[in-house]
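Below you'll find the structure, written out as structure tokens, and then a few comments.
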Amino acid sequence: MGAKLTQALRDREILLIVGGGIAVYKSLDLVRRLRALGARVRVVMTTAAKEFVSPLAFVSLSNEAVHETLFSATDEQEMGHIQLSRRADLIVVAPATAHLLARAANGLCDDLATTLMLATDKRIVFAPAMNVRMWTHPATQKNIDTLRSQGAYFVGPDEGEMACGEFGPGRMSEVEDIVDKIISVCAQETRLPLPRGVQQCPRIIGNDLIGRHVLITSGPTHEAIDPVRYIANRSSGRQGHALAHAAVAAGARVTLITGPVTLADPPACQVIHVESAAQMSAAVEQALPADVFIGVAAVADWRVVQADHKIKKEPGASAPVFTLVENPDILASVAKSQKRPALVIGFAAETQNLIDSGRKKLIAKGCDMIIANDVGEGSEVFGGANNEAHVIMRDSLQSWPKMDKMMLATKLVELIAQRLSPEGANR
Ligand code: PMT
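So the sequence shown is numbered by our numbering: it starts at -10 and just counts up by one.
Put into structure tokens, the structure is as follows:
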């Protein structure tokens, strides 16, 4: 397997600036997650951050020296502070305290963290964390507007109970959300526009799905019984949405057709919201042509012949009997479409004989690849964070161990990039 797309942030360098706040414990996990996605993470800690956690914890997790002071003879000899900010693909400030935001917004550079932010030529993602009154204070809001106008991105803060006992916005976002933001920002050009009079060669981000159109279905479908009731399933959309993120990160144009989920729309994709299998089928047909189709949605096989009005429970009457009719098989239709994508991939939710059942679906639906995952009791694949899959192809089989759905998505995108021929891109 080519190494290029194994991980969504492979070959990316993230400079993580850690401010002083209780949320610093999440930043430790952030380092772990970014490294798991292939990124190199260099950490800069402010003096206040060191009050909450020892630099040693970041050294251990990042496997890199932690940078702390502006005037360090060793650091300057090995890598000057300008270099540190320039060689990163992205700067992430987490936790971004009110004080750190204020200093950044006002161009102060009185320590290493703020100097790096002023000297950088890359985008900055701030993950604010502070008391609710500090967050809502007009001074902080003005600083945020200033930073946004300079091209900075923000993730969060979340709303909730604060360490100080108050309730409201101010909690640092969950690590998963910060990672999503980093992936989506890294999928775009992270270099800031050049100041007037400065010239530089543009950096070319090589990515294997640039120019490809990837069409993905995700989530459950809701099949109406009457105007107020429906039949659904347990799909959360996490696996399908993770694939959309991974495909965007690999440079693809992504269309995501999703059933009803509570997840936020992945950035940088065209997202089409549908409810029923029939709507999903029509949306898929309309979104073709594509280079790749990935059916991750748990599409209902049947729908109920819908009642025009709410079915009433009458005293003494027997329970209603529903007539089911078959839904269109979206995956099979795409596979035999005149506009058949170069790669048609299905997911198979199985509870037994995963590989055998997956192989049968591969043939019956005419697709090129089936990702068979075990949704049996206790697997927690429906709605959970992890997945374990067998990737069944006509000529081979790969069994992947249990992993984060995002990791599975990036591995699958890598495999897709390998299997696509260089020709035939549908822009
Ligand atoms: O959403 P999550 O909570 O993250 O869970 C992920 C998942 C378990 C939903 C996902 O990994 C998964 O297995 N998706 C496929 C679920 C499914 O419908 O499996 P199936 O074996 O019934 O269908 C096989 C394939 O046919 C699927 O690609 C499905 O999208 C497609 N299909 C099925 C019926 C139908 N009418 N039209 C279809 O296109």
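Cβ atoms here follow ideal geometry from the backbone N, Cα and C, with glycine treated the same way.
For clarity, every value in this text was computed on a predicted model and none was experimentally measured.
For Leu74, collect the residues of the same chain with a Cβ closer than 6 Å to its Cβ; drop the 5 residues on either side in sequence, then sort them by chain order.
-> Position check: residue 74 holds Ser in this sequence, whereas Leu was assumed. Same-chain partners within the cutoff: Leu105, Ala108 and Thr109.
Assign Phe47 to buried or exposed, taking buried as 16 or more other Cβ atoms, counted over all protein chains shown, within 10 Å of its Cβ.
-> buried
Would Lys394 be called buried (16 or more neighbouring beta carbons within 10 Å of its own) or exposed?
-> buried
Can you tell me where the beta strand (DSSP E) with His211 in it begins and where it stops?
-> Run containing His211: none; DSSP gives neither H nor E here.
Three-state secondary structure assigned by DSSP to Asp147 | strand
Which residue or residues does DSSP assign as beta-bridge partners of His262?
-> Thr247
Member of Gly10, Ala37 and Ala398 whose CA lies at the smallest distance from the CA of Asp169 | Ala398
The segment 277 to 290 touching the segment 216 to 231, judged by at least three CB pairs closer than 8 Å | yes
Do Thr340 and Val323 come within 8 Å of each other at the CB atom, strictly closer than that value?
-> no
Hey, how far is the Cα of Met269 from the Cα of Ser162?
-> 32 Å
Quick one: is the Cβ of Ile220 within less than 7 Å of any heavy atom of ligand 1?
-> no
Quick one, are the C-beta atoms of Val237 and Ala257 less than 8 Å apart?
-> yes
Just the C-alpha distance for Val20 and Ser49, rounded to the nearest angstrom, thanks.
-> 10 Å
What are the start and end residues of the beta strand (DSSP E) that includes Ile79?
-> According to the sequence displayed, residue 79 carries Leu and not Ile. Counting along the chain, the beta strand (DSSP E) containing Leu79 begins and ends at Leu79 to Ala85.
Start-end ranges of the alpha helix (DSSP H) lying completely within the segment 315 to 370, minimum 4 residues | 319 to 324 and 343 to 354
In terms of residue numbering, what span does the alpha helix (DSSP H) encompassing Asp393 cover?
-> Not the alpha helix (DSSP H): Asp393 falls in the beta strand (DSSP E), residues Leu386 to Asp393.
If we count the other Cβ atoms within 10 Å of its Cβ and call it buried at 16 or more, is Thr179 buried or exposed?
-> buried
Secondary structure of Leu409, DSSP reduced to three states = coil
Bridge partners of Glu2, per DSSP?
-> Arg29
Considering only C-alpha positions, which residue in the set Phe336, Ala91 and Arg218 is nearest to Lys301?
-> Arg218
Using the beta-carbon count (16 or more within 10 Å), is Phe156 buried or exposed?
-> exposed
Flag Phe371 as yes when its Cβ comes closer than 7 Å to any non-hydrogen atom of ligand 1, and as no otherwise.
-> yes
When burial is assigned at 16 or more other CB atoms within 10 Å of the CB, is Arg76 buried or exposed?
-> exposed
Under the rule that 16 or more other beta-carbon atoms within 10 Å means buried, what is Ser265, buried or exposed?
-> buried
If we ignore side chains and look at the alpha-carbon of each, how far apart do Ile405 and Pro304 end up?
-> 57 Å
With a threshold of 16 other CB atoms inside 10 Å of the CB of Leu45, please say whether the residue is buried or exposed.
-> exposed
In chain order, what residues of the same chain lie with their CB nearer than 7 Å to the CB of Cys356, ignoring the 5 residues before and after it?
-> Leu320, Ala324, Val333, Ile334 and Gly335
Name the one or two DSSP bridge partners that Arg242 has.
-> His202
Starting from Asn132 and walking both ways along the beta strand (DSSP E), at which residues does that stretch end?
-> Premise fails: Asn132 lies in the alpha helix (DSSP H), Pro127 to Ser138, not in any beta strand (DSSP E).
State buried or exposed for Gln189, treating a residue as buried only when at least 16 other CB atoms are found within 10 Å of its CB.
-> Annotation note: pLDDT 40 at Gln189 (below 50); position unreliable, no value reported.
Kindly give me the distance between the Cβ atoms of Val42 and Val13, rounded to whole angstroms, as I take these residues to be in contact under 8 Å.
-> 5 Å
Given Ile205 as reference, the closest of Val174, His211 and Ala276 once Cα atoms are compared = Ala276
Cβ of Ala406 versus every heavy atom of ligand 1: is any distance shorter than 7 Å?
-> no
Could you tell me if Thr36 is buried or exposed, where buried requires 16 or more neighbouring beta carbons within 10 angstroms of its beta carbon?
-> exposed
Between Ile381 and Ala337, what straight-line distance do the alpha-carbon atoms span, to the nearest angstrom?
-> 10 Å
Cross-strand partners of Gly448 (DSSP beta bridge) = With the chain running from -10 to 416 in the structure shown, residue 448 is simply not present.
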